[in-house]
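Residue numbers (the numbering used here): 987 to 1184.
For glycine and all other residues, C-beta sits at the position ideal for the given N, C-alpha and C.
The model shown is predicted, which means the values in this text are computed figures rather than measured ones.
Taking it in order: structure first as structure tokens, then the write-up.
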């Protein structure tokens, strides 16, 4: 039980109780775990997703980003080895997307579990991804680190995927002979372009 945990696009379909604590306790309680273990798992999930202080809040009164964090935390109480997130930011604004992005990055560092994200918004996906796979017709056609995949701007475009904006700009600069490296993360572009102007 709990090898793979799945979180869907819309947290509204996963968040159904009247308090965050109840939401997180529901899955381990349904497994028939002892109360002490339920409490331990809920406490761990609250900490893992940065939800301390939310225990008694009504999930329906929270933002989309907060609801998505609760949906992820509720799945974490099952202690999966693999966490599969199906477009977890597709229904979120920039603030909610940033909340989820930061929580996923923290979760990867602290929890030691594999996180697989199906996502069309590559701008943020590359910020947390160690590996990227581009699929076409149900098959993986490109796979590697974000740098390995998205530095091939023309090939990625030909597959119907828009590379991160910084990769597109850097690619055009490289075509004009102004750059040779194509960064894919905004932080890498700032470092590279900022360093060149000094």
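Fully contained in the segment 1105-1174 are the following alpha helix (DSSP H) runs of length 4 or more, in chain order: 1108-1114, 1132-1136, 1139-1144 and 1151-1161. The beta carbon of residue 1028 is closer than 7 Å to those of 1007, 1010, 1011 and 1063 in its chain, skipping five residues each way along the sequence. Contact annotation: residue 1114 and residue 1091 have beta-carbon atoms nearer than 7 Å. Residue state for residue 1033 is assigned as helix, using DSSP reduced to three classes. A distance of 7 Å or more separates the beta carbons of residue 1176 and residue 1157.
For residue 992, the uninterrupted beta strand (DSSP E) segment begins and ends at 990-993. Contact between the segment 1079-1095 and the segment 996-1006 is absent: fewer than 3 CB-CB pairs across the two stretches fall below 8 Å. DSSP places residue 1078 in no beta strand (DSSP E); its state is neither H nor E. If you compare the alpha carbons of 1160, 1037, 1071 and 1065 with that of residue 1017, the shortest gap goes to 1065.
By the Cβ test, the segment 1095-1105 is in contact with the segment 1065-1074, since at least three Cβ pairs between them sit closer than 8 Å. When secondary structure is reduced to three states using DSSP, residue 1100 falls in the strand class. Around residue 1136, the same chain offers 1108, 1112, 1118, 1142, 1149, 1150, 1153, 1168 and 1170 as residues with beta carbons nearer than 8 Å, after the five sequence neighbours per side are excluded. Each residue's CA atom was taken as its position, placing residue 1162 and residue 1089 some 38 Å apart. With a contact defined as Cβ atoms closer than 8 Å, residue 1034 and residue 1093 qualify at about 6 Å. Across the set 1123, 1122, 1116 and 1124, the C-alpha of 1116 shows the shortest separation from the C-alpha of residue 1130. Beta bridge pairing from DSSP links residue 1068 with 990 and 1100.
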